[in-house]
Amino acid sequence: MAKAVTNSLTKKRRRVSDIVLKALIFLSSGIVVALTLGMIIYIAVKGSEGMSLNFLTTPAFSYPYENYGVLGNIINTLYLVVITLIIATPVGVGAAIYLTEYAKQGRLTRIIEFTTETLAGIPSIIYGLFGSVFFYNIFKVNYSLLTGALTLSIMVLPTIIRTTQEAIKTVPMGYREGAVGLGAPKWHTIRTVVLPSCIDGILTSVILSIGRIVGESAALIFTAGTVAAIPGGIFDSVRTMSVHMYVLSCEGLHIDATYATAVVLLIIVVAINALAS
Numbered sequence: 000m001a002k003a004v005t006n007s008l009t010k011k012r013r014r015v016s017d018i019v020l021k022a023l024i025f026l027s028s029g030i031v032v033a034l035t036l037g038m039i040i041y042i043a044v045k046g047s048e049g050m051s052l053n054f055l056t057t058p059a060f061s062y063p064y065e066n067y068g069v070l071g072n073i074i075n076t077l078y079l080v081v082i083t084l085i086i087a088t089p090v091g092v093g094a095a096i097y098l099t100e101y102a103k104q105g106r107l108t109r110i111i112e113f114t115t116e117t118l119a120g121i122p123s124i125i126y127g128l129f130g131s132v133f134f135y136n137i138f139k140v141n142y143s144l145l146t147g148a149l150t151l152s153i154m155v156l157p158t159i160i161r162t163t164q165e166a167i168k169t170v171p172m173g174y175r176e177g178a179v180g181l182g183a184p185k186w187h188t189i190r191t192v193v194l195p196s197c198i199d200g201i202l203t204s205v206i207l208s209i210g211r212i213v214g215e216s217a218a219l220i221f222t223a224g225t226v227a228a229i230p231g232g233i234f235d236s237v238r239t240m241s242v243h244m245y246v247l248s249c250e251g252l253h254i255d256a257t258y259a260t261a262v263v264l265l266i267i268v269v270a271i272n273a274l275a276s
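Numbering (numbering that gives the first Met the number 0), first residue to last: 0 to 276.
1) Anyone know if the C-beta pair for residue 211 and residue 155 falls short of 8 Å?
2) If we count Cβ pairs, one from each stretch, closer than 8 Å, do we get three or more for the stretch 66-85 versus the stretch 212-220?
3) Helix, strand or coil for residue 224, going by three-state DSSP, please let me know.
4) Which class does residue 238 belong to by DSSP, given the choice of helix, strand or coil?
5) Would you call the stretch 41-59 and the stretch 255-269 touching, i.e. three or more CB-CB distances under 8 Å?
6) Return helix, strand or coil for residue 253, following the three-state DSSP convention.
7) Could you check where the alpha helix (DSSP H) with residue 101 kicks off and where it finishes?
8) Looking at the structure shown, is residue 229 part of a helix, part of a strand, or coil, going by DSSP?
9) With residue 96 and residue 189 assumed to form a contact (beta carbons below 8 Å), what rounded beta-carbon distance in angstroms separates them?
10) Leaving out five residues before and five after residue 178 in sequence, what residues of the same chain have Cβ atoms less than 7 Å from its Cβ?
11) Do you know how far the Cα of residue 176 is from the Cα of residue 195?
12) Consult DSSP for residue 176 and reduce its assignment to one of helix, strand or coil.
13) In chain order, which alpha helix (DSSP H) runs of at least 4 residues are fully inside the stretch 118-184?
14) Alpha carbon to alpha carbon, what distance is there between residue 129 and residue 273?
15) Just mark residue 122 as buried or exposed, buried being the case when its beta carbon has 16 or more other beta carbons within 10 Å.
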């Protein structure tokens, strides 16, 4: 009888603790959602004051001089995203394939993985300083679209490599064994069996990289420059959306344009993620 009472009390305590923990989880989730929505609504309301068709369809500082349109910045951002992904995605996916499928698993591989994770946590301004010095000595070009793209390629490589690695590891070994049993070579197995099975993980790494590229400003100030005009080539200086927003906020003279730029930046990020989905 006493044992039954003890078990009943224990079950009641567990139910109470489950309810409390569940309430705390919902409370934490609600706080995060509320803060996120509050930030988005605040930016949208403040940005609507400076939003107009002229703002969206003209480059910054085009005639008349007091124009802070973002057309050129949007184009510069898209240029930078495309060039960076063209450079970084094949290298990152190839490195992940080698480390997972070809390299002998041991201390050296673990050191490489640890180093890659460490590189992902380095502040972006360090990448900017490195890119401004290193690529200037190689290409003799200081501020340019190419220098910014190369610097961002190095910066997003750790994200692509580690995310792709984890995606490849989720593919069951039986898939590989079945392909090998049918006589398929290793590379053919990887190309037709492994990669299609983990394409969602690879796409995730690309989406994360796009988000970091679009929102990056510190590294680009030292490498891509701050020229708001549409570039005529990859060796011209450019100003992305995030850098444009930073410059306007530092000036403190056109706060409406700053918030409007933030709204456009949010819309671009949401549109890119929706397109990827």
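Cβ coordinates follow ideal geometry from the N, Cα and C atoms, glycine included.
To lay it out plainly:
1) Counting from 1 along the sequence shown, the entry for residue 211 is found at position 212. Counting from 1 along the sequence shown, the entry for residue 155 is found at position 156. It is a contact, given that the beta carbons lie within the stated cut-off.
2) yes
3) Against the sequence shown, residue 224 aligns to sequence position 225. Note: residue 224 maps to coil in three-state DSSP.
4) Indexing the sequence shown from 1 puts residue 238 at position 239. Residue state, collapsed to three classes: coil.
5) yes
6) Indexing the sequence shown from 1 puts residue 253 at position 254. Here residue 253 sits in coil by DSSP.
7) Locating residue 101 in the sequence shown gives position 102, counting from the first residue. Unbroken run through residue 101: none, as it is neither H nor E.
8) Numbered from 1 along the sequence shown, position 230 holds the residue referred to as residue 229. Here residue 229 sits in coil by DSSP.
9) Numbered from 1 along the sequence shown, position 97 holds the residue referred to as residue 96. Numbered from 1 along the sequence shown, position 190 holds the residue referred to as residue 189. With a Cβ gap of about 6 Å, residue 96 and residue 189 count as contacting.
10) For this step, residue 178 is matched to residue 179 along the sequence shown. Same-chain partners within the cutoff: 188 and 192.
11) As a first step, residue 195 is located in the sequence shown; it is residue number 196 there, counting from the start. As a first step, residue 176 is located in the sequence shown; it is residue number 177 there, counting from the start. Between residue 195 and residue 176, the C-alpha separation is close to 16 Å.
12) Position 177 of the sequence shown, counted from the start, is the residue given in the question as residue 176. In this structure, residue 176 counts as helix in the three-state DSSP scheme.
13) 123-138, 144-168 and 172-180
14) To locate residue 273, count along the sequence shown from 1; it is residue 274. To locate residue 129, count along the sequence shown from 1; it is residue 130. Whole-angstrom Cα-Cα distance: 33 Å.
15) For this step, residue 122 is matched to residue 123 along the sequence shown. Exposed, because fewer than 16 other Cβ atoms sit within 10 Å of the Cβ of residue 122.
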